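Read top to bottom, the protein sequences are chains R and H.
Counted the way the numbering used here counts, the first sequence spans residues 4 to 232.
Counted the way the numbering used here counts, the second sequence spans residues 766 to 1079.
Heads up: the structure comes next, in structure tokens.
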Amino acid sequence: MSDSASPSGNATRDAKRVGGWTGAARRYAVRTLPPEKLLPDTQPAYMASWIYVFGVLTVSSLIVAVATGCVLALEGPGWWHASSVGKYVNSLHLWSVELFMFFMVIHLWGKFFMAAWRGRRAMTWMTGAVCFLASVGTAFTGYLVQQNFDSQWISGQAKDGLNAVGIGAWFNVLDFGQMLMWHIVLLPLVLGLLTAWHVLLVRRRGIVPPIDALAPEPDEQSAATAVQP
Amino acid sequence: MSRRTRRAAEPDPAAFPTRPYDLLKEFTIALVAVAVLTAGLAALFSSPDEQPITLATWSAATPNDFTATAVTELGGTSTTAQYGPPYNHTPGAGQKIGPVGLQRAAGVRIPVDTAEDFVLRPLRQAPEPAEVSAALTAWTAAPADRQQAWTSAYSDALGKAPDGDPAKVEPGDYGPVPVLTSRLLALAQAGALDGQLLAQGRFYQTDYTRPMLFLNDGTYLADQARAQHLAGDQWGMMNETGNYPGQAWLWLYTFWYQIDPFKTSKNADALIWALMAVLSLAFVLVPFIPGVRSIPRWTKVYRLIWRQHYRGQR
Ligand code: HEM
Chain R
4 MSDSASPSGN ATRDAKRVGG WTGAARRYAV RTLPPEKLLP DTQPAYMASW IYVFGVLTVS
64 SLIVAVATGC VLALEGPGWW HASSVGKYVN SLHLWSVELF MFFMVIHLWG KFFMAAWRGR
124 RAMTWMTGAV CFLASVGTAF TGYLVQQNFD SQWISGQAKD GLNAVGIGAW FNVLDFGQML
184 MWHIVLLPLV LGLLTAWHVL LVRRRGIVPP IDALAPEPDE QSAATAVQP
Chain H
766 MSRRTRRAAE PDPAAFPTRP YDLLKEFTIA LVAVAVLTAG LAALFSSPDE QPITLATWSA
826 ATPNDFTATA VTELGGTSTT AQYGPPYNHT PGAGQKIGPV GLQRAAGVRI PVDTAEDFVL
886 RPLRQAPEPA EVSAALTAWT AAPADRQQAW TSAYSDALGK APDGDPAKVE PGDYGPVPVL
946 TSRLLALAQA GALDGQLLAQ GRFYQTDYTR PMLFLNDGTY LADQARAQHL AGDQWGMMNE
1006 TGNYPGQAWL WLYTFWYQID PFKTSKNADA LIWALMAVLS LAFVLVPFIP GVRSIPRWTK
1066 VYRLIWRQHY RGQR
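What follows is the structure, encoded as structure tokens:
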């Protein structure tokens, strides 16, 4: 039973309220990220630089790292020490991470020198910076769960830093099980959510205009657009 | 350009002329490119996998180092025994940041009694020859200062013996210590100690704290690491076994360990962690830090990045 027709007079206000929490959430989502912003097929002309490729390359290498990590997870932590296929998958995982960190650092310096936090984009920078810190933590726990000499040495050294500030009492780098959980569950989850937030923020705000750029007047703009190839 | 326009809010990107851009196509091409590049690098360079060191391989390779370490575990003078929190209550142990001692504040949450956990319990749990039973009884019956006197005398004697070889130690009053440590060496060489330190009375186990701490107290592990250029003063944090890239992104963290005052401070770990925490926070807050946030404007690298745009403006 529904009474869709509301008494006249309050029609506009009621239309705004329709759908309860769900309706409100949908209206918020569409308002902040309309489809044209989420999946644009044009970009401002000033986006003519190679530096913009590094954000996409960072996302891509993160996806390859997660995917290869999932393949390692299929057979469990011991697999790659005994199987040549496993060893290759482990190598894929290592090199995708090296690429990920490399692309991310170039992306980071690029955004720094563009002062890309201007115009209400501070949160984009901050989520990116926390992504970097979370990636360092994820990579670190990855080194700890290799179950080889390197893990032994790194954990033996790293425990002193963590213990010195009290973190080691809870976050025990000598506990393989705990580190494996952080590496394959908690940190990837955090990094994934942060990355999604970061990228959605970029879509929402649009890419930052060049420093001191002046938006063309509307008539100028139509002239400029007409000139575009 | 007047100062006022420069101070104005950033213009809306939507107000600028546009160019066609296929987001999903670019993403797909990037993903394929990265996957291919990764496959190539992995095929060319593989990945490192040095065998871990076990108590068995350590005690077989350098039995004298193992014995010397076992004596310090028994006597309570090893690094772990003197560590303080989170492993034990050693008075005065624990690093500080100025007056703040977070290490002590966290408390002893992973209790380790090196004599009991690393030496005495494993000996008791293994089938004991009569000689070892007697030695254990003698040890337990002796007062603490007597035990200390035995272990420190034996440590000194081992230090003076050629190669630290227990067989060449001068005779002296070492009580039951030599019997205990030589039995522990036999257990370790047989591989029994690895299992005992890990199992701790359970079946399933993922926590390697005890065998790792024991290994870390000897010099064998560190010698192997040094040979692989992994030591702290070799910028080891950024290195990997073999010629592989390590965690190069830790360059700033490991940098502080190379210089004074950290290099010589006994609070180095805590101080460097505090410093890195402050720097990390600053990194996150760059957009709000006067001076730092203006560096892009001064350096003018942005003119290179957006050179097409600025060329069009002229
Ligand atoms: C998981 C790691 C990261 C991923 C996957 C990622 C991804 C992206 C992508 C796809 C874009 C849009 C394309 C582009 O402008 O390049 C972007 C923009 C941006 N990124 Fe990141 N990023 C990451 C880390 C970082 C870091 C470490 C920073 C800096 C601390 C950062 C700061 C920014 C900023 C400020 C923008 C906005 C640029 C604009 O408005 O033009 N990102 N990021």
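Quick reminder that beta carbons are idealized off the backbone N, C-alpha and C, glycines included.
None of the values given here were measured: they were computed from a predicted structure.
Q. Hey, is the segment 851–866 of chain H in contact with the segment 1033–1046 of chain H, meaning 3+ C-beta pairs nearer than 8 Å?
A. Between the segment 851–866 of chain H and the segment 1033–1046 of chain H, the count of C-beta pairs closer than 8 Å reaches three or more; the two stretches touch.
Q: Report the rounded CA-to-CA distance for H:Thr971 versus R:Ser86, giving the unit in angstroms.
A: By one-based count along the second sequence, residue 971 of chain H stands at place 206. By one-based count along the first sequence, residue 86 of chain R stands at place 83. Distance between the alpha carbons of H:Thr971 and R:Ser86 is about 22 Å.
**Q.** Neighbouring residues, chain R, relative to H:Gln860 (Cβ below 7 Å)
**A.** Against the second sequence, residue 860 of chain H aligns to sequence position 95. Near H:Gln860 (Cβ distances below 7 Å), the residues of chain R are Ala167.
Q) Looking at R:Lys114 and the ligand HEM, is the gap between the Cβ and the nearest heavy atom below 6 Å? A) For this step, residue 114 of chain R is matched to residue 111 along the first sequence. Yes, the Cβ of R:Lys114 comes within 6 Å of a heavy atom of the ligand HEM.
Q. Can you list the alpha helix (DSSP H) stretches of 4 or more residues lying completely in the segment 39–120 of chain R, in chain order?
A. Qualifying alpha helix (DSSP H) stretches, in chain order: 56–78, 82–85, 87–116.
Q: Closer than 8 Å by beta-carbon distance: list the chain C residues that pair up with R:His84, in chain order.
A: Absent from the structure is chain C; the protein chains it does hold are R and H.
Q. Going straight from the alpha carbon of H:Trp1000 to that of H:Pro1010, what length do you get?
A. Stepping through the second sequence from its first residue, residue 1000 of chain H is reached at position 235. Stepping through the second sequence from its first residue, residue 1010 of chain H is reached at position 245. Each residue's alpha carbon lies about 12 Å from the other.
Q: Give me whichever residues DSSP pairs with H:Thr834 in a beta bridge.
A: The sequence position of residue 834 of chain H within the second sequence is 69, counting from 1. DSSP output for H:Thr834 lists no bridge partner at all.
Q | Rounded straight-line distance, which links the Cα of R:Ile66 to that of H:Tyr848 | A | Here residue 848 of chain H refers to the residue found at position 83 of the second sequence. Here residue 66 of chain R refers to the residue found at position 63 of the first sequence. Taking the straight line joining both Cα atoms gives about 41 Å.
Q.
Is the separation between the beta-carbon of R:Pro213 and that of R:Tyr49 shorter than 7 Å?
A. Translated into positions along the first sequence, residue 213 of chain R becomes position 210. Translated into positions along the first sequence, residue 49 of chain R becomes position 46. With respect to the 7 Å criterion, R:Pro213 and R:Tyr49 are classified as neighbours on the basis of their beta carbons.
Q) In chain order, what residues of the same chain have a beta carbon less than 8 Å from the beta carbon of H:Pro850, not counting five sequence neighbours either side? A) By 1-based counting over the second sequence, the position of residue 850 of chain H is 85. Excluding its 5 nearest sequence neighbours in each direction, H:Pro850 has C-beta neighbours in its own chain below 8 Å: Ala858, Gly859, Gln868, Arg869, Ala871, Gly872, Val873, Arg874, listed in chain order.
Q | the segment 129–142 of chain R: positions lying closer than 7 Å to chain H by Cβ | A | Listed in sequence order: Met129, Ala132, Val133, Leu136, Val139, Ala142.
Q.
Counting only Cβ pairs nearer than 7 Å, list the residues of chain H close to R:Pro212.
A. Walking along the first sequence from the start, residue 212 of chain R turns up at place 209. What R:Pro212 touches in chain H, judged by beta-carbon distance under 7 Å, is Glu775, Pro776, Pro778, Phe781, going in chain order.
Q: Pull up the CB-CB distance for H:Pro931 and H:Thr832, whole angstroms please, since I reckon it's below 8 Å.
A: As a working note, residue 931 of chain H is residue 166 in the second sequence. As a working note, residue 832 of chain H is residue 67 in the second sequence. Contact flag correct, Cβ pair sits at about 5 Å.
Q. In whole angstroms, what separates the C-alpha of H:Ala996 from that of H:Asn981?
A. For the purposes of this step, residue 996 of chain H is taken as residue 231 along the second sequence, with counting starting at 1. For the purposes of this step, residue 981 of chain H is taken as residue 216 along the second sequence, with counting starting at 1. Distance between the alpha carbons of H:Ala996 and H:Asn981 is about 13 Å.
**Q.** Alpha-carbon spacing of H:Thr1006 relative to R:Phe135, whole angstroms
**A.** Here residue 1006 of chain H is taken as the residue at index 241 of the second sequence, counted from 1. Here residue 135 of chain R is taken as the residue at index 132 of the first sequence, counted from 1. About 24 Å.
Q) Counting Cβ pairs closer than 8 Å, one from the segment 140–156 of chain R and one from the segment 1045–1065 of chain H, do we hit at least three? A) No: the two stretches stay apart, fewer than three of their Cβ pairs being nearer than 8 Å.
Q: Tell whether a beta-carbon distance below 7 Å holds between H:Tyr786 and R:Gln46.
A: For this step, residue 786 of chain H is matched to residue 21 along the second sequence. For this step, residue 46 of chain R is matched to residue 43 along the first sequence. A contact, by the Cβ cut-off of 7 Å.
Q: Name the one or two DSSP bridge partners that H:Asn1004 has.
A: Along the second sequence, one-based indexing puts residue 1004 of chain H at 239. As a beta-bridge residue in DSSP terms, H:Asn1004 pairs with H:Pro1010.
Q | Counted within 10 angstroms of its Cβ, other Cβ atoms place H:Glu881 as buried (16 or more) or exposed | A | Against the second sequence, residue 881 of chain H aligns to sequence position 116. Exposed is the call here.
Q. Who are the Cβ neighbours of R:Phe103 in its own chain at under 6 Å, not counting the five residues just before and after it?
A. Taking the first sequence and counting its residues from 1, one reaches residue 103 of chain R at position 100. Closer than 6 Å at Cβ, skipping near neighbours: Ser64, Leu65, Ala68.
Q: Measure the CB-CB distance between H:Leu820 and H:Ala964 and report whether it falls below 7 Å.
A: Reading the second sequence from its first residue, position 55 is the one you call residue 820 of chain H. Reading the second sequence from its first residue, position 199 is the one you call residue 964 of chain H. 7 Å or more divides the Cβ of H:Leu820 from the Cβ of H:Ala964.
Q: Would you decide whether H:Asp959 is buried or exposed? Buried here means 16 or more other CB atoms lie within 10 Å of its CB.
A: Counting from one through the second sequence, the residue named residue 959 of chain H turns up at place 194. When all chains shown are included, H:Asp959 counts as buried.
Q: Can you check DSSP and say which residues form a bridge with H:Thr708?
A: The structure shown does not extend to residue 708 of chain H, since chain H is modelled only from 766 to 1079, so the question has no answer here.
Q.
Please report whether the beta-carbon of H:Phe1020 lies at a distance below 7 Å from any beta-carbon of chain R.
A. Residue 1020 of chain H sits at position 255 when you count from the first residue of the second sequence. It does not; no Cβ of chain R falls within 7 Å.
Q.
Tell me whether the segment 136–145 of chain R and the segment 937–945 of chain H touch, counting them as touching only if at least three CB pairs, one residue from each stretch, are closer than 8 Å.
A. No contact exists between the segment 136–145 of chain R and the segment 937–945 of chain H.
Q | CA-to-CA distance, H:Ala779 to R:Ala229, given in whole angstroms | A | Looking up residue 229 of chain R in the first sequence gives position 226. Looking up residue 779 of chain H in the second sequence gives position 14. Reliability of the predicted coordinates at R:Ala229 is poor, the pLDDT of 41 falling under 50, and the value obtained from them is presented with this limitation in mind. Near 16 Å, if we compare the C-alpha coordinates of H:Ala779 and R:Ala229.
Q. Comparing the C-beta of H:Glu881 with each C-beta of chain R, is any distance below 7 Å?
A. Indexing the second sequence from 1 puts residue 881 of chain H at position 116. Among the CB atoms of chain R, none fall inside 7 Å of the CB of H:Glu881.
**Q.** Bridge partner(s) assigned by DSSP for H:Val865
**A.** Translated into the one-based positions of the second sequence, residue 865 of chain H becomes position 100. According to DSSP, which records beta bridges pairwise, H:Val865 is partnered with H:Ile862.
**Q.** Partner residues on chain H for R:Glu78, Cβ-Cβ distance less than 7 Å
**A.** Counting from one through the first sequence, the residue named residue 78 of chain R turns up at place 75. Neighbours of R:Glu78 on chain H: none; closest Cβ ~15 Å, over 7 Å.
**Q.** Cβ-heavy atom distance, H:Ile1060 to the ligand ZN, below 6 Å
**A.** The ligand ZN is not part of the structure shown, which contains the ligand HEM as its ligands.
(Q) H:Thr916 and H:Leu839 - do their beta-carbons sit closer together than 7 Å? (A) Residue 839 of chain H sits at position 74 when you count from the first residue of the second sequence. Residue 916 of chain H sits at position 151 when you count from the first residue of the second sequence. Yes, the pair counts as a contact, with Cβ atoms nearer than the cut-off.
Q: Between the Cα of H:Gly863 and those of R:Ala172, R:Gly180, R:Val168, spot the shortest distance and give me the residue it belongs to.
A: Stepping through the second sequence from its first residue, residue 863 of chain H is reached at position 98. Distance from the Cα of H:Gly863 is smallest, within the candidate group R:Ala172, R:Gly180, R:Val168, for R:Val168.
Q: Spatial neighbours of H:Ser920 within its chain, please: CB distance less than 6 Å, with the 5 preceding and 5 following residues excluded, ordered by chain position.
A: By 1-based counting over the second sequence, the position of residue 920 of chain H is 155. If we look at H:Ser920 and ignore the five residues flanking it on each side, its Cβ neighbours are Val836.
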